[in-house]
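For the protein sequence lines, the chains are A and B, in the order given.
Using my numbering, you'd call the opening residue of the first sequence number 1 and step up by one each time.
Using my numbering, you'd call the opening residue of the second sequence number 1001 and step up by one each time.
Glycine is no exception: its CB is placed at the ideal position from the N, C-alpha and C atoms.
Given the structure is predicted, the values throughout are model-derived calculations rather than measurements.
Here is the structure we will look at.
Protein chains: 2
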Amino acid sequence: MPTSTRFAVAVHILTALAVGDGKPMRSEDLAYSANTSPVVIRGLLSRLSDAGLTRSQLGAGGGTMLARAAKKIKLLDVYEAVEDTELFSLHRTPPCESCAVGGNILEAMQPTLMRARKGLENELAKVTIGDIASEVARLGRFTMPLTW
Amino acid sequence: MPTSTRFAVAVHILTALAVGDGKPMRSEDLAYSANTSPVVIRGLLSRLSDAGLTRSQLGAGGGTMLARAAKKIKLLDVYEAVEDTELFSLHRTPPCESCAVGGNILEAMQPTLMRARKGLENELAKVTIGDIASEVARLGRFTMPLTW
DNA sequence: AAGTGTGTCGATGCTACTATTACATATAAT
DNA sequence: ATTATATGTAATAGTAGCATCGACACACTT
């Protein structure tokens, strides 16, 4: 199934912003670090901005900054901002309505699928971009803020 | 994100087998109920059989049966049997190794992604095909086994 | 006024998934 | 034995979502 790398790259972007010294970063710089194209970055930034996680500044010396403290941005916020497909896809063509199983299977599965999704989301809600940034700093043996 | 319809259809298949009276069901019958093609069903059955969840019988009067009691088949077993893509896809092209963030972001995210995956899997491990079959029977107002 | 960076559109290529046809193989029924 | 039946797998084609790339209008800074 078509799976998106958006979540991983979005966390990457936000972590880079969190690790920096607060100066705006250009989409080109972020693209270099994430090894993708500036257009992809800008597409993600557009979603992150809509979600209130980042804000951008036009013009020379401009770029993107975090809209709030990294510790206040949960990975769940990022997940919801950039992922749009359902975690569990159901039948492409709806099952046979008149069948004993086909007519009820979706409703029967639904509570379990919901709980599974919540189980995942609860874990993503426990970790913030600040946590990831700290961990990156520890692994990379540098201190924040990092001036590029 | 990452899910095909395989999981939903596989649960459908197993539930249909669980609801029945134990007689083997043909891929054509299952395809009718799930509103898909017999080949898709057989492809799923091939995986389910490899995972030890079903067994098939060739020839006239043949078909597929559960290999063990429905109550002993966890949805997690089904999930693992038919899904092969990772829940979280990482960067399509690996991030910049020499960057402070790019070089460490994957390792920094990994524990969280693992916990999120476990959160989902734990929920799927709590429910069995037997539970789903009972719920389908309740919703459809019939009793098991159901003779077709 | 000139330079810079964002935001978005359209086109292209790629990959995963589903549907469908076809056929070889194995089993049951007669 | 012969025939009918059902699985299992391969090949093909069509579909959808995603990432890449080029281009450009718009906004802001200097």
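{"query": "Identify the residues that DSSP records as bridge partners of G1063 of chain B: which are they?", "result": "B:Q1057"}
{"query": "Let me confirm a value: G1020 of chain B is counted as buried when at least 16 other C-beta atoms fall within 10 Å, else exposed. Which label applies?", "result": "buried"}
{"query": "What residues are listed by DSSP as bridge partners for G20 of chain A?", "result": "A:L146"}
{"query": "Select from B:I1105, B:E1080 and B:G1103 the residue whose C-alpha is nearest the C-alpha of A1051 of chain B.", "result": "B:E1080"}
{"query": "For G1103 of chain B, decide whether its Cβ has a neighbour in chain A, counting only Cβ atoms nearer than 8 Å.", "result": "yes"}
{"query": "Assuming the contact rule is C-beta atoms closer than 8 Å, V1009 of chain B and H91 of chain A should be a hit. Round their C-beta distance to whole Å, please.", "result": "6 Å"}
{"query": "With distance defined between alpha-carbon atoms, name the residue in A:M65, A:K126, A:V40 and A:R26 nearest to V82 of chain A.", "result": "A:V40"}
{"query": "Measuring alpha carbon to alpha carbon, tell me which of B:T1015, B:R1006 and B:S1004 ends up nearest I1129 of chain B.", "result": "B:T1015"}
{"query": "With DSSP run on the structure shown, which of helix, strand or coil describes K72 of chain A?", "result": "helix"}
{"query": "Answer with yes or no whether the minimum CB distance from I132 of chain A to chain B is below 8 Å.", "result": "yes"}
{"query": "Could you work out which residue in B:A1034, B:S1037, B:S1033 and B:F1007 is closest to R1047 of chain B when comparing CA atoms only?", "result": "B:F1007"}
{"query": "Which same chain residues end up closer than 7 Å to L1030 of chain B when comparing Cβ atoms and leaving out the 5 residues on each side of it in sequence?", "result": "I1013, A1016 and I1041"}
{"query": "Buried or exposed for T1005 of chain B, going by 16 or more other Cβ atoms inside 10 Å?", "result": "buried"}
{"query": "Quick test of your reading: E86 of chain A and A1108 of chain B, contact by CB under 8 Å. State the CB separation rounded to the nearest angstrom.", "result": "Between A1108 of chain B and E86 of chain A the Cβ distance is about 27 Å, and since that is not below 8 Å, they are no contact."}
{"query": "Beta carbon of L1124 of chain B, beta carbon of A125 of chain A: below 8 Å?", "result": "no"}
{"query": "List, in chain order, every chain B residue whose beta-carbon is nearer than 8 Å to that of P94 of chain A.", "result": "N1035"}
{"query": "If we cut at 8 Å on Cβ distances, does A100 of chain A have a partner in chain B?", "result": "yes"}
{"query": "Got a sec? Which residues, its chain only, sit under 8 Å from P24 of chain A by beta carbon, not counting five neighbours each side?", "result": "S56, Q57, G61, G62, G63, T64 and M65"}
{"query": "Assuming R47 of chain A is part of the alpha helix (DSSP H), what are its boundary residues?", "result": "P38 to D50"}
{"query": "State the DSSP-derived secondary structure class of T112 of chain A, mapped to helix, strand or coil.", "result": "helix"}
{"query": "For the alpha helix (DSSP H) containing E1028 of chain B, list its first residue and its last residue.", "result": "S1027 to A1034"}
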